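Enquirer:
Number of protein chains: 4
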Amino acid sequence: MSTFRSPVRVAIVGASGYSGEELVRLLLNHPHADLVAVTSRQNAGQTVAQIFPKFASHPKSRALRFSEPDAAALARQADVVFLALPHGVAAEYAIPLLQAGAVVIDLSADFRLKSAAVYREFYAHDHPAPELLAQSVYGLPEVYRAQIRGARLIASPGCYPTSILLPTLPLLKAGIIRPTGIIADSMSGVSGAGRKAEVDYLFCECNESVRAYGVPKHRHLSEIEEQLAIAAGVPVTIQFTPHLIPVNRGIHTTLYLAPTENFSTAAEVAALGQRITDCYAAAYAQEPFVRVLEGKALPDTKNVVGTNVVEIAWRLDPRTGRLIVLSAEDNILKGASGQAVQSLNVLAGFPEIAGLL
Amino acid sequence: MSTFRSPVRVAIVGASGYSGEELVRLLLNHPHADLVAVTSRQNAGQTVAQIFPKFASHPKSRALRFSEPDAAALARQADVVFLALPHGVAAEYAIPLLQAGAVVIDLSADFRLKSAAVYREFYAHDHPAPELLAQSVYGLPEVYRAQIRGARLIASPGCYPTSILLPTLPLLKAGIIRPTGIIADSMSGVSGAGRKAEVDYLFCECNESVRAYGVPKHRHLSEIEEQLAIAAGVPVTIQFTPHLIPVNRGIHTTLYLAPTENFSTAAEVAALGQRITDCYAAAYAQEPFVRVLEGKALPDTKNVVGTNVVEIAWRLDPRTGRLIVLSAEDNILKGASGQAVQSLNVLAGFPEIAGLL
Amino acid sequence: MSTFRSPVRVAIVGASGYSGEELVRLLLNHPHADLVAVTSRQNAGQTVAQIFPKFASHPKSRALRFSEPDAAALARQADVVFLALPHGVAAEYAIPLLQAGAVVIDLSADFRLKSAAVYREFYAHDHPAPELLAQSVYGLPEVYRAQIRGARLIASPGCYPTSILLPTLPLLKAGIIRPTGIIADSMSGVSGAGRKAEVDYLFCECNESVRAYGVPKHRHLSEIEEQLAIAAGVPVTIQFTPHLIPVNRGIHTTLYLAPTENFSTAAEVAALGQRITDCYAAAYAQEPFVRVLEGKALPDTKNVVGTNVVEIAWRLDPRTGRLIVLSAEDNILKGASGQAVQSLNVLAGFPEIAGLL
Amino acid sequence: MSTFRSPVRVAIVGASGYSGEELVRLLLNHPHADLVAVTSRQNAGQTVAQIFPKFASHPKSRALRFSEPDAAALARQADVVFLALPHGVAAEYAIPLLQAGAVVIDLSADFRLKSAAVYREFYAHDHPAPELLAQSVYGLPEVYRAQIRGARLIASPGCYPTSILLPTLPLLKAGIIRPTGIIADSMSGVSGAGRKAEVDYLFCECNESVRAYGVPKHRHLSEIEEQLAIAAGVPVTIQFTPHLIPVNRGIHTTLYLAPTENFSTAAEVAALGQRITDCYAAAYAQEPFVRVLEGKALPDTKNVVGTNVVEIAWRLDPRTGRLIVLSAEDNILKGASGQAVQSLNVLAGFPEIAGLL
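Residue numbers (the working numbering), protein chains in the order written: chain A, 5 to 361; chain B, 5 to 361; chain C, 5 to 361; chain D, 5 to 361.
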């Protein structure tokens, strides 16, 4: 199905933030990709090595210069264009790029939702290109691998949604948990706020601090609920509370779920536990980037930061009748740039782990 | 009611850990207390200034030496003895101290529960002095102020329980929330693990890491549920998940609660909101160490670390029908040593803020 | 000599940065000061409690509102005005405040130098009020206590200079070290950069990072060298390298000094060591805020952060013939606001430790 | 010259510490190495995936089990054995491994010195195998590449020495700096202390803390001075002060050096600067793992952590007549395990960057 040669020519629009920088790193080192262009208004004219000294040992970093973003030129140079732009802005670039024939992998929220009305409710402005929502594919390869293969426009999932959907979707599809009453309590490192000069994200404001934000209606709820509803076959409303913690990278999510069957005896706990084990094994045993922990281990962001892996563990609590599921990921890799490259690999027919180990 | 002179003579048993060290600091500087003895097997013979260089500017720190713990001697020297010891060990000291006439303020879990059976279930050994459970007072001054005044044995609450009970008890007593389905999701700084030489708490194992632990049945559940049950008048079972985050100090708790009345229209939200506001005002408007935030502010551990204050904020979510309550405290101050000194102040008839501002 | 009543009426101009915030904390709790005004253009109209939630438990924090800075009004309201402003701006406020009769304690660099030419060399603009340089007193109480008592304009020292001068001046005055070849290698926490919205000081840019800056000619060199020259009686040129490390607060300085006498035998080492011990004892044994460590202890910022203390330790190295002196302080307390309040205490005749323990 | 097939069979003795863990990561992913054995007494019997969950996605991590260290077995299984053991212990394994025909790359200090007397002076015990000192090669590929090619025993340099020697050796060999008066002021992340359960390295003891240690005679001085003396042709004594800072990884070193020629005029500064530029270009322009920064950039550990690169920058200070050279490296990569793998690559004739990009 792939119509891509190797190396595929790729470009990054908006390569000055944390996700863009990580895309640069991944694509400079990708065995089947040739990074032909990086754009950034503020960095235009400078080399990748000048802006990101840590990549300066890569020969291409000293040759490749940031350019002003120009959709027509990008579509000529590249087969696939990654957009690492704020929501609203991303759509403005996606339209001409698609028209000019490029495949677009968008890391923003602009094409993640199917409903322009929900977009307006959560993002407070009209969707700039509602006609594209139907054709975009939600870039979660573990769920939409087949659709990604032929896609022209991939909406790479948000960082929190990835940490919530991967642990939840198989259980919901299998009818193991109810679609009601779901609570997701998440903690994110500060890179999730982007490389923005704001007092709230200064070192001294974040270090030795923990705080919730976006309570009770964070924007990521919209795509989480839409994807959960698709899996459940009914509308789903969840509770989601993000917290900011003093780490550079990493998201940890603790999910409170209600199994559909009761369990209080040891036999019931064991039987339900086996169903959960089997469900996750069916979903993820062959997935290179999902690791379901065994034994006493619990997810720890330090075990996934720097990788494209999501760790998952679960516990049944017969005292409360709840299933607790915990996950950990690198918010910039599996939560953003790594997942986008994983989609590139799927799309182009490369080994899915190419450039991601 | 107080039978204590000022300054009251105080001693600390087990003053080498983080809570003990903070007790030393608070009591060295307390205007109505005279720290007459500090004990520690490992530090015996050394001065406070040698063990804790940061207190070396306090003249008494160079005169006061750590001694071996000796209950009889302590009861002669001090009117009030603080126990900053592991559970199980604390009870062994409490018994002779009480017999010798000292008042005991115990920071361990040994006397927090009323039920020796629950103690055995959660702490995995028989209670060493079950006959004392009936006489001990749970040292949460905002709730048990009157009982603390005449107490001989005060069981100072755990750090997590304080962060959960203060936001929850008034709502439960007022019938605003149901006693069922309560979830408490907490994050704690690493000082909560104590000054123990264990690989899990090394800098490199905690920094750039977040992880849950004690899932789903942490020991603190026992005292939380007992206190909630007293307030609700019915047994209460809650879900509690603690997480370890890379800060020295601070606990943040996010509570998911179910109001007893429905709210979906703006008028219902406003009416219920007013009930909550009034409930917290009645409970805490006069309390020096509870701060209910207004407007858009949310609790942040950096605003309470170094103080004896608990910050509380709340949000109603008409989408889910839940009430979210968030709290922040310093786990070593309001969560341990500060609260113990607050109990001393209540007990001895000193101004409650003495030595705590 | 003091003409100040107690409580002295004090005001803070520019109370929105880290030093200003710490001044607010110290002066709200000072037993002999009444904080009557705090100014900040950006926060004008809001209460101290709104801007600094961590002080919200102090009753005055809910009554005191930030105002626009107005020198004439401030001089009427306050006896002493603290300036926590950028250099260049501070001088503009100092002039009318002094004319209107207020005593000024300036935390900026504007009045620390005696030479307007050196100011221009290091700060790249003409001094705004060169006529005031002669009358200003360098606010290092351990050195200029007598002069501070009668001063109308106190230039509070920089954070790095304090950490370098206190360990060095007694040795230089006693002729124990040479005035040549001095090297000061310092590390500072990020609060030293101020509460400025700049990408360089974002959490993710500072965490897990160490870097030097201002190499080889940092602005603080000017006041360090001027003070060393006064002590030595000859011009002094030193090497100073500041580094930024991921802590909120704290400065650690390692000084490389050349003793005037040779030492290679054990007897010579002992004799010189005794001279150094005696020199520091003569200088600091009675000082409440300088702690010369004994035995194997070395300075650690965690033992001084939150206090107004400088820790000092030293080692003779017979292999190299050098004397290594190390110091640690809280850059916002002894390095800025604490030292300014110490000067207030000296100036007003209060106990020097008032409000600083 | 290489007698090694690809993949070369490699083993790691003592793979439970931070350096050992990093060796596991590097060698699992090395394109020309086959990791056939990892040993650890405490982990014997468990898989690599169980001990290091972060490598669990690598298929071999679930098959490879830790074994008890057995020199004879290791020498049969592996062509090259890495020793990640404490000093003193390493030598005990090196002897039988060498006798059995294995090539040994030792990360400890045991074979870095040529003089058994200096070893005894700095390590406080007799060298266990002084006869091997003559045949070992100091594993700094940028300096000893030719010797590494034929070596049977490679002593991989210490973390601090690497950060000091690479910036200094070319200048010393070229006669640009004097061999006297050298000062190296270094800061290291906490991983340098190893994965040891000691109170001093607990999170709460290191976070928000900076402190010097090993003043004035740290063990690493011995190998630094020996290597400097070889380059200078005369004995060299330097001043070295290490500091512990709250980062997981990274070493930053600031070097104070004395150029042999005077420079005060702009022309002299420019001429000397050109000599330094040329000297570093001659030494390192072709080196993949040394990056000499240009323009205003200064080394920052965050730009090298996770890589095998050393960053170097320098400044001439005509005020003091000194040359300041700054370096940054990852203490576990270029300072330990990365450098050891680089030596493997040189030794075996692989591309030097294999497995290190």
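The beta carbon of each residue, even a glycine, is placed where N, CA and C say it ideally should be.
Treat the numbers as computed from the prediction; the structure is a model and nothing was measured.
Can you check DSSP and say which residues form a bridge with Ile-190 (chain C)?
Expert: Here the question's residue 190 (chain C) lines up with position 186 in the third sequence. According to the sequence provided, residue 190 (chain C) is Ser. The question's Ile does not apply to it. C:Pro-246 and C:Thr-257, per the DSSP bridge assignment.
Enquirer: Determine the closest residue to Leu-259 (chain B) out of B:Pro-303, B:Arg-253, B:Leu-144 and B:Ala-286, with distance taken between C-alpha atoms.
Expert: On the second sequence, position 255 is the one that residue 259 (chain B) refers to. Looking at the Cα atoms, B:Pro-303 is the closest of the given residues.
Enquirer: Please go through the same chain and pick out, in chain order, the residues whose beta-carbon is closer than 8 Å to the beta-carbon of Leu-136 (chain C), but skip the five residues on each side of it.
Expert: If you number the third sequence from 1, residue 136 (chain C) lands on position 132. Contacts found: Ala-95, Ala-98, Ile-99, Leu-102, Phe-115 and Leu-157.
Enquirer: Report the residue from C:Arg-182, C:Pro-174, C:Val-93 and C:Pro-57 whose alpha carbon sits nearest the alpha carbon of Arg-326 (chain C).
Expert: Locating residue 326 (chain C) in the third sequence gives position 322, counting from the first residue. Checked all of C:Arg-182, C:Pro-174, C:Val-93 and C:Pro-57; the closest Cα to Arg-326 (chain C) is C:Arg-182.
Enquirer: State the Cα-Cα distance for the pair Gln-346 (chain A) and Ala-120 (chain A), rounded to the nearest angstrom.
Expert: As a first step, residue 346 (chain A) must be located in the first sequence, where it is residue number 342. As a first step, residue 120 (chain A) must be located in the first sequence, where it is residue number 116. A straight-line Cα-Cα distance of about 27 Å links Gln-346 (chain A) and Ala-120 (chain A).
Enquirer: Can you tell me which of D:Arg-199, D:Leu-175 and D:Phe-354 puts its alpha carbon nearest to the alpha carbon of Ala-233 (chain D)?
Expert: Counting from one through the fourth sequence, the residue named residue 233 (chain D) turns up at place 229. Of D:Arg-199, D:Leu-175 and D:Phe-354, the residue nearest in Cα terms is D:Leu-175.
Enquirer: What in chain C is Cβ-close to Ser-61 (chain B), meaning under 9 Å?
Expert: Counting from 1 along the second sequence, the entry for residue 61 (chain B) is found at position 57. Those are Pro-292, Phe-293, Arg-295, Thr-311, Asn-312, Val-313, Ile-357 and Leu-361, listed as they occur along chain C.
Enquirer: What's the gap between the Cα of Val-314 (chain C) and the Cα of Lys-58 (chain B)?
Expert: Here residue 314 (chain C) refers to the residue found at position 310 of the third sequence. Here residue 58 (chain B) refers to the residue found at position 54 of the second sequence. Taking the straight line joining both Cα atoms gives about 11 Å.
Enquirer: Looking at C-alpha atoms only, which residue of B:Val-93, B:Gly-237, B:Ser-61 and B:Leu-68 is the closest neighbour of Ala-75 (chain B)?
Expert: As a first step, residue 75 (chain B) must be located in the second sequence, where it is residue number 71. Comparing Cα-Cα distances from Ala-75 (chain B) to each of B:Val-93, B:Gly-237, B:Ser-61 and B:Leu-68, the minimum goes to B:Val-93.
Enquirer: Tell whether a beta-carbon distance below 8 Å holds between Pro-145 (chain B) and Ser-112 (chain B).
Expert: Here the question's residue 145 (chain B) lines up with position 141 in the second sequence. Here the question's residue 112 (chain B) lines up with position 108 in the second sequence. No, these two residues do not count as a Cβ contact at 8 Å.
Enquirer: Rounded to whole angstroms, what's the CA-CA distance from Ala-41 (chain A) to His-34 (chain A)? Just pull it up for me.
Expert: For the purposes of this step, residue 41 (chain A) is taken as residue 37 along the first sequence, with counting starting at 1. For the purposes of this step, residue 34 (chain A) is taken as residue 30 along the first sequence, with counting starting at 1. So the alpha carbons of these two residues sit roughly 15 Å apart.
Enquirer: With respect to the alpha helix (DSSP H) encompassing Phe-207 (chain C), which residues constitute its N-terminal and C-terminal limits?
Expert: Position 203 of the third sequence, counting from 1, holds the residue named residue 207 (chain C). From DSSP, the alpha helix (DSSP H) with Phe-207 (chain C) extends over 207-210.
Enquirer: Among D:Ile-242, D:Gly-196 and D:Glu-209, which one has its Cα closest to the Cα of Thr-184 (chain D)?
Expert: Your numbering for residue 184 (chain D) matches position 180 in the fourth sequence. Measuring from the Cα of Thr-184 (chain D), the nearest candidate turns out to be D:Ile-242.
Enquirer: In whole angstroms, what is the alpha-carbon distance linking Arg-69 (chain B) and Gly-196 (chain A)?
Expert: For this step, residue 69 (chain B) is matched to residue 65 along the second sequence. For this step, residue 196 (chain A) is matched to residue 192 along the first sequence. One C-alpha to the other measures close to 49 Å.
Enquirer: Answer with yes or no whether the minimum CB distance from Ala-88 (chain B) to chain A is below 8 Å.
Expert: Translated into the one-based positions of the second sequence, residue 88 (chain B) becomes position 84. Chain A, which has no Cβ nearer than 8 Å to the Cβ of Ala-88 (chain B), makes this no.
Enquirer: Per the contact definition of three or more C-beta pairs closer than 8 Å, is the region 201-215 of chain C in contact with the region 254-273 of chain C?
Expert: No contact exists between the region 254-273 of chain C and the region 201-215 of chain C.
Enquirer: Quick one: what's Arg-215 (chain A) bridged to in DSSP?
Expert: Against the first sequence, residue 215 (chain A) aligns to sequence position 211. Looking at the DSSP assignment, Arg-215 (chain A) forms a beta bridge with A:Leu-248 and B:Asp-304.
Enquirer: Does any residue of chain C bring its CB to less than 8 Å from the CB of Tyr-205 (chain A)?
Expert: Position 201 of the first sequence, counted from the first residue, corresponds to residue 205 (chain A). Yes, Tyr-205 (chain A) lies at the interface with chain C (some Cβ there is under 8 Å from its Cβ).
Enquirer: Helix, strand or coil for Leu-327 (chain B), going by three-state DSSP, please let me know.
Expert: Taking the second sequence and counting its residues from 1, the one referred to as residue 327 (chain B) is at position 323. DSSP places Leu-327 (chain B) in strand when its eight states are reduced to three.
Enquirer: Scan the region 184-214 of chain C for residues whose Cβ lies nearer than 7 Å to a Cβ of chain A and list them as they occur along the chain.
Expert: Val-194, Ser-195, Arg-199, Ala-201, Glu-202, Val-203, Tyr-205, Leu-206, Phe-207, Cys-208, Cys-210, Asn-211 and Glu-212
Enquirer: Is it a yes or a no for the region 218-227 of chain A touching the region 275-291 of chain A, going by three-plus beta-carbon pairs under 8 Å?
Expert: No contact exists between the region 218-227 of chain A and the region 275-291 of chain A.
Enquirer: Which residues in chain C sit within 9 Å of Asn-252 (chain A), going by Cβ to Cβ distance?
Expert: Translated into positions along the first sequence, residue 252 (chain A) becomes position 248. Under the 9 Å cutoff, chain C gives Phe-207, Cys-208, Asn-211 and Glu-212.
Enquirer: For Gly-218 (chain A), which residues of its own chain have a beta-carbon under 7 Å away from its beta-carbon, when the five flanking residues on both sides are left out?
Expert: As a position in the first sequence, residue 218 (chain A) is number 214, starting the count at 1. These residues qualify, in order along the chain: Pro-246.
Enquirer: Output needed in chain order: residues of the region 155-167 of chain B with a Cβ under 9 Å from some Cβ in chain D.
Expert: The residues in question: there are none.
Enquirer: Just the Cα atoms here: how many angstroms apart are Asp-83 (chain C) and Glu-333 (chain A)?
Expert: Sequence index remark: in the third sequence, residue 83 (chain C) carries index 79 (1-based). Sequence index remark: in the first sequence, residue 333 (chain A) carries index 329 (1-based). Their Cα atoms are separated by approximately 57 Å.
Enquirer: Comparing C-alpha positions only, which one of D:Ser-23, D:Asp-189 and D:Pro-134 sits nearest to Leu-87 (chain D)?
Expert: The count along the fourth sequence starts at 1 and reaches residue 87 (chain D) at position 83. The candidate whose alpha carbon is nearest that of Leu-87 (chain D) is D:Ser-23.
Enquirer: Please name the residue in B:His-62, B:Gln-54, B:Thr-51 and B:Thr-43 whose C-alpha comes closest to that of Arg-29 (chain B).
Expert: For the purposes of this step, residue 29 (chain B) is identified with residue 25 of the second sequence, where counting begins at 1. Comparing Cα-Cα distances from Arg-29 (chain B) to each of B:His-62, B:Gln-54, B:Thr-51 and B:Thr-43, the minimum goes to B:His-62.
Enquirer: Are three or more beta carbon pairs between the region 341-360 of chain A and the region 286-294 of chain A nearer than 8 Å?
Expert: yes
Enquirer: At a CB-CB cut-off below 9 Å, which residues of chain B make contact with Tyr-22 (chain D)?
Expert: Taking the first residue of the fourth sequence as position 1, residue 22 (chain D) is located at position 18. Correct list: Cys-208.
Enquirer: Whole beta strand (DSSP E) runs in the region 92-137 of chain A with 3 or more residues, listed along the chain?
Expert: Taken in chain order, the complete beta strand (DSSP E) segments of 3 or more residues contained in the region 92-137 of chain A are 107-110.
Enquirer: I'd like to know if Ala-216 (chain C) contacts chain D, where contact means its C-beta is closer than 8 Å to some C-beta of that chain.
Expert: Residue mapping note: residue 216 (chain C) aligns to position 212 of the third sequence, counting from 1. At least one chain D Cβ lies under 8 Å of Ala-216 (chain C).
Enquirer: Chain D partners of Val-308 (chain A), CB-CB under 8 Å?
Expert: Translated into positions along the first sequence, residue 308 (chain A) becomes position 304. The answer, in chain order, is Lys-58.
Enquirer: Can you pull the chain A neighbours of Gln-46 (chain B), defined as C-beta to C-beta under 7 Å?
Expert: Counting from one through the second sequence, the residue named residue 46 (chain B) turns up at place 42. Close partners of Gln-46 (chain B) in chain A (Cβ separation under 7 Å) are lacking, with about 28 Å as the shortest Cβ gap.
Enquirer: Quick one: what's got a C-beta closer than 6 Å to Gly-310 (chain B)'s C-beta in the same chain, skipping five residues either side?
Expert: Here the question's residue 310 (chain B) lines up with position 306 in the second sequence. Cβ within range, chain order: n/a, list empty.
Enquirer: Could you name the residues of the same chain whose beta carbon sits closer than 7 Å to that of Pro-263 (chain C), not counting the 5 residues immediately before and after it, in chain order?
Expert: The sequence position of residue 263 (chain C) within the third sequence is 259, counting from 1. Same-chain partners within the cutoff: Ile-180, Ile-181, Leu-276 and Leu-327.
Enquirer: Got a sec: is the Cβ-Cβ distance from Asp-321 (chain A) to anything in chain B below 8 Å?
Expert: Reading the first sequence from its first residue, position 317 is the one you call residue 321 (chain A). When Cβ-Cβ separations below 8 Å define contact, Asp-321 (chain A) makes contact with chain B.
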